[in-house]
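Participant:
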Amino acid sequence: MKSDVEIAQAAELKPIGEIAEQLGLSVDEYAPYGHDKAKISLSVLDRLADRPDGKLILCTAINPTAAGEGKTTTNVGLSMALNRIGAKTITTLREPSLGPVFGMKGGAAGGGYAQVVPMEDINLHFTGDFHAITSAHNLLAALLDNSLHQGNPLNINPKRVVWPRVLDMNDRALRNVVIGMGKVGDGVVRESGFEITVASEIMAALCLATSLEDLKERFGRMVVAYTYDKKPVTAADLEAPGAMALLMKDAIKPNLVQTLENTPAIIHGGPFANIAHGNNSIVATKTALKLADYVVTEAGFGADLGAEKFFDIVCPAGDLKPSAAVVVATVRALKLNGGKDKKELTNEDLFALGNGIVNLEQHLENLAKFGVPALVAINRFPSDTDAELDLVRQRCEALGVRVVLSEVFAKGGEGGEEMARAVVELCEQESSYRPLYDPSDELHSKIETIAREIYRADGVDLAPSAATQMGQIKADGYGELPVCMAKTQYSFSDDPTRLGAPRGFRITVRDLVVNAGAGFVVALTGDIMRMPGLPKVPAANGMDIADDGTITGLS
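Quick note on the working numbering: the sequence shown kicks off at 1 and runs consecutively.
1) With H, G and I counted as helix, E and B as strand and the rest as coil, what does DSSP make of valine 403?
2) Alanine 67 and alanine 273 - do their beta-carbons sit closer together than 7 Å?
3) Apply the 10 Å Cβ neighbour rule to tyrosine 228 and answer buried if 16 or more other Cβ atoms are within range, or exposed otherwise.
4) Alpha carbons only, please: which of Val233, Asn176, Lys88 is nearest the one belonging to asparagine 157?
5) Comparing alpha-carbon positions, which option in Asp186, Val392, Ala387 lies nearest glycine 356?
6) So, for tyrosine 30: in the same chain, excluding its five sequence neighbours on each side, which residues have a beta-carbon less than 6 Å away from its beta-carbon?
7) Report all residues from its chain with a CB closer than 6 Å to the CB of methionine 104; omit the five preceding and five following residues, and keep chain order.
8) Can you tell me which residues form a DSSP beta bridge with methionine 485?
9) I'd like the list of long-range same chain contacts for aspartate 237, defined as Cβ closer than 7 Å, with 5 residues on each side in sequence excluded.
10) On the three-state DSSP scale, how would you describe arginine 506?
11) For phenylalanine 194, which residues does DSSP report across the bridge?
12) With burial defined as no fewer than 16 other Cβ atoms inside 10 Å of the residue's Cβ, what is the status of glutamate 239: buried or exposed?
13) DSSP puts isoleucine 378 in a beta bridge; with which residues?
14) Taking the straight line between their C-alpha atoms, what separation do you get for alanine 245 and leucine 215?
15) For leucine 291 and glutamine 362, what's the separation of their Cα atoms in angstroms?
16) List, from N- to C-terminal side, the alpha helix (DSSP H) runs of 4 residues or more that fit wholly inside the stretch 178-234.
17) For methionine 531, I'd like the list of residues in its chain whose CB is within less than 6 Å of its CB, leaving aside the five on either flank, ordered along the chain.
18) Out of Gln150, Asn170, Gly151, Asp145, state which residue places its alpha-carbon closest to the alpha-carbon of valine 162.
19) Confirm, please, whether the CB-CB distance from methionine 80 to threonine 263 is below 7 Å.
20) Can you give the Cα-Cα distance for asparagine 255 and glycine 77, rounded to whole angstroms?
21) Cβ atoms of arginine 402 and alanine 463: under 7 Å apart, would you say?
22) Please classify glutamine 394: is it buried, with 16 or more other beta-carbons within 10 angstroms of its beta-carbon, or exposed?
23) Along the beta strand (DSSP E) that carries leucine 462, what are the first and last residues, could you check?
24) What residue from Met543, Leu98, Asp548 has the CA that sits closest to leucine 554's CA?
25) On the premise that glycine 533 lies in contact with arginine 172, defined as a C-beta separation below 8 Å, what is that separation, rounded to the nearest angstrom?
26) So, with DSSP's three-state summary, where would you put alanine 540?
27) So does the stretch 428-438 actually touch the stretch 363-377, counting three or more Cβ pairs closer than 8 Å?
28) Compare the C-alpha of leucine 124 against each of Ala209, Asp386, Asp168 and name the closest.
29) DSSP beta-bridge partners for alanine 38?
30) Thinking C-beta only, is leucine 82 closer than 7 Å to threonine 89?
31) Locate the alpha helix (DSSP H) running through glutamine 115, then write down its first and last residues.
32) Using alpha carbons as the reference points, say which of Ile267, Lys230, Ala251 lies closest to glutamine 258.
33) Identify every run of the alpha helix (DSSP H) within the stretch 269-323, keeping only runs that are complete inside it and at least 4 residues long; order them along the chain.
34) Mind checking who leucine 512 pairs with in its DSSP beta bridge?
35) May I have a chain-ordered list of the beta strand (DSSP E) segments no shorter than 3 residues that lie completely inside the stretch 60-114?
36) Considering glutamine 264, what are the terminal residues of the beta strand (DSSP E) in which it resides?
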């Protein structure tokens, strides 16, 4: 089988104008970026305000493993399959970050014959949204340091500046830096650092905003530092939101592309799911819901992270009402969760599989708490045996959940038709969606609720710094914001080595960070870092481009 990039390069793309016309967009409602990409105007939402929304389907997964699950591939394949059976569908996805693309994880455009294209452009710069976010974030950082240098009129304590700089690249050497070194005119000397762009609060705010004006207001609320008397200093205090919004005037518009089978795809925003909320933008989803009968969206990593945040943060912010959820799993990954050695995953092992299915079962039990009907999509591998597939079916059906096979990686939309029909049937059921908690609940209670109900922890312990921060957050009036848990993606617990469905553990929150502009409080657990590093052998080492522009090594 060809590599992902070879399949993508052989695709027959339609001019983006045809895709836009297929959706009913007029020529003044989209702006082409070359032949294959376009920006959609937010005016579409105003024109179609009275049109009923389509059905919203969340694609989520078990906890990711080294065996791979294929959530984005399933999302793309499902959207193509739905169109094949006559259901007008759009897929909505996050934009890839350059950090994972050149690091270890790779790109985020699907795989095999279920990809969004042009794959190279989507993974490399795309329409410049991430550059705009990086620039707006660093403009605010520059204005803050300039205020310190110009006499510090806001009485900012340099030791309590909480706004770092960002860069969309994995670079561990920039996690901790000292700035302002040199001459008197070179600024105030202080410790600072860099985070990856997808961890920026501006990224989170972009994906939760409903308009440019809303985004500007969110900018104004962002806390960048504290005064000597411990009062929060915001971007509005620095008179920054207007200039920041200028840099974001195009980035707020969703991006229109297509799949290998010319299904429309709207790709916009890209917050990490173990640091931020891990979902594409609300404006992208709401635009898609007005243009299609079915919209397939995706939540990053396992359902304990991306799906929980989708239901508890994104849906309330966007007044979204999900109709169904698809949980992606592989037999290989479930066996790995059950203790099987990575090198032996192609061998049938019902014992390891039986032990590992508990991870899938807990995700299904969790989704039921949100009142959204769900089914399981098994991303099929050639090594899967009938006995193994039957065991997964039996265990899921005991919970009242249907299991379907997905072969979209090898067959494209044709390999997902069974899944598509099952999803249409699922969407006909009544969804009684509800968030897990009320935002007005006490802050510690919200963290406890997520830890106990989703992770199955015995409770939550606050590190001394987090306990102090919780008091400050309440005093500053941010206690009624929802909670965004920053946790390892590999386990329900905060220990990445504890696979399956661990019990008998507690969650330790080491820090609490206010993202008042985005509209949530981040609870940091474990060793989650906001600036990743490169692996020993980065993916970048295997990439190249020929004189004719042909790219190799991108995945």
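Beta carbons: idealized from backbone N, C-alpha and C, even for Gly.
Facilitator: A quick look at the data gives this:
1) Residue 403 sits at position 403 when you count from the first residue of the sequence shown. In the structure shown, valine 403 sits in a strand (DSSP, three-state: E or B).
2) Reading the sequence shown from its first residue, position 273 is the one you call residue 273. Reading the sequence shown from its first residue, position 67 is the one you call residue 67. No, they are not a contact pair.
3) For this step, residue 228 is matched to residue 228 along the sequence shown. The residue in question, tyrosine 228, is exposed, as its Cβ has fewer than 16 Cβ neighbours within 10 Å.
4) Counted from its first residue, the sequence shown places residue 157 at position 157. Checking every option, the nearest Cα to that of asparagine 157 belongs to Val233.
5) By one-based count along the sequence shown, residue 356 stands at place 356. The shortest Cα separation from glycine 356 among Asp186, Val392, Ala387 belongs to Val392.
6) Within the sequence shown, the letter at position 30 stands for residue 30. Here the set comprises Ala20, Ala38, Ile40.
7) In the sequence shown, the residue the question calls residue 104 occupies position 104. Result list for methionine 104: Pro535, in chain order.
8) Position 485 of the sequence shown, counted from the first residue, corresponds to residue 485. Bridge partners of methionine 485: Ala523.
9) For the purposes of this step, residue 237 is taken as the residue at position 237 of the sequence shown. Answer for aspartate 237: Leu154, listed in chain order.
10) By one-based count along the sequence shown, residue 506 stands at place 506. Residue state, collapsed to three classes: coil.
11) Your numbering for residue 194 matches position 194 in the sequence shown. Looking at the DSSP assignment, phenylalanine 194 forms a beta bridge with Arg165.
12) As a working mapping, residue 239 is identified with position 239 in the sequence shown. Burial call: exposed.
13) Looking up residue 378 in the sequence shown gives position 378. Paired residue(s): Ala329, Leu405.
14) Along the sequence shown, one-based indexing puts residue 245 at 245. Along the sequence shown, one-based indexing puts residue 215 at 215. Going from the Cα of alanine 245 to the Cα of leucine 215 covers about 8 Å.
15) Counting from one through the sequence shown, the residue named residue 291 turns up at place 291. Counting from one through the sequence shown, the residue named residue 362 turns up at place 362. Rounded to whole angstroms, leucine 291 to glutamine 362 spans 34 Å at the Cα level.
16) 201-208, 212-221
17) For the purposes of this step, residue 531 is taken as the residue at position 531 of the sequence shown. These residues qualify, in order along the chain: Arg175, Phe194, Glu195, Ile196.
18) Stepping through the sequence shown from its first residue, residue 162 is reached at position 162. Ranking Gln150, Asn170, Gly151, Asp145 by Cα distance to valine 162 puts Asp145 first.
19) As a first step, residue 263 is located in the sequence shown; it is residue number 263 there, counting from the start. As a first step, residue 80 is located in the sequence shown; it is residue number 80 there, counting from the start. Contact: yes.
20) Along the sequence shown, read from residue 1 onward, the residue named residue 255 stands at position 255. Along the sequence shown, read from residue 1 onward, the residue named residue 77 stands at position 77. For asparagine 255 and glycine 77, the distance between alpha carbons rounds to 19 Å.
21) What you label residue 463 is simply residue 463 of the sequence shown in a count that begins at 1. What you label residue 402 is simply residue 402 of the sequence shown in a count that begins at 1. No, the Cβ-Cβ distance between alanine 463 and arginine 402 is not below 7 Å.
22) Sequence index remark: in the sequence shown, residue 394 carries index 394 (1-based). Glutamine 394 is exposed by the Cβ-count criterion.
23) Your numbering for residue 462 matches position 462 in the sequence shown. From DSSP, the beta strand (DSSP E) with leucine 462 extends over 460-462.
24) Mapped onto the sequence shown, residue 554 falls at position 554. Taking only the C-alpha atoms, the option nearest leucine 554 is Met543.
25) Residue 172 sits at position 172 when you count from the first residue of the sequence shown. Residue 533 sits at position 533 when you count from the first residue of the sequence shown. Rounded, the Cβ-Cβ distance is 3 Å, consistent with contact.
26) Your numbering for residue 540 matches position 540 in the sequence shown. Residue state, collapsed to three classes: helix.
27) yes
28) Sequence index remark: in the sequence shown, residue 124 carries index 124 (1-based). It is Asp168.
29) As a first step, residue 38 is located in the sequence shown; it is residue number 38 there, counting from the start. In the DSSP output, where bridge partners are listed per residue, alanine 38 has Pro32, Leu256.
30) For this step, residue 89 is matched to residue 89 along the sequence shown. For this step, residue 82 is matched to residue 82 along the sequence shown. Against a cut-off of 7 Å, the Cβ pair of leucine 82 and threonine 89 comes out as a contact.
31) The sequence position of residue 115 within the sequence shown is 115, counting from 1. Not the alpha helix (DSSP H): glutamine 115 falls in the beta strand (DSSP E), residues 114-117.
32) Counting from 1 along the sequence shown, the entry for residue 258 is found at position 258. The residue with the shortest Cα to Cα distance from glutamine 258 is Ile267.
33) 282-291, 315-318
34) To locate residue 512, count along the sequence shown from 1; it is residue 512. Ala523.
35) 89-93
36) Translated into positions along the sequence shown, residue 264 becomes position 264. Note that residue 264 corresponds to proline in the displayed sequence, not to glutamine. That run of the beta strand (DSSP E) goes 264-267.
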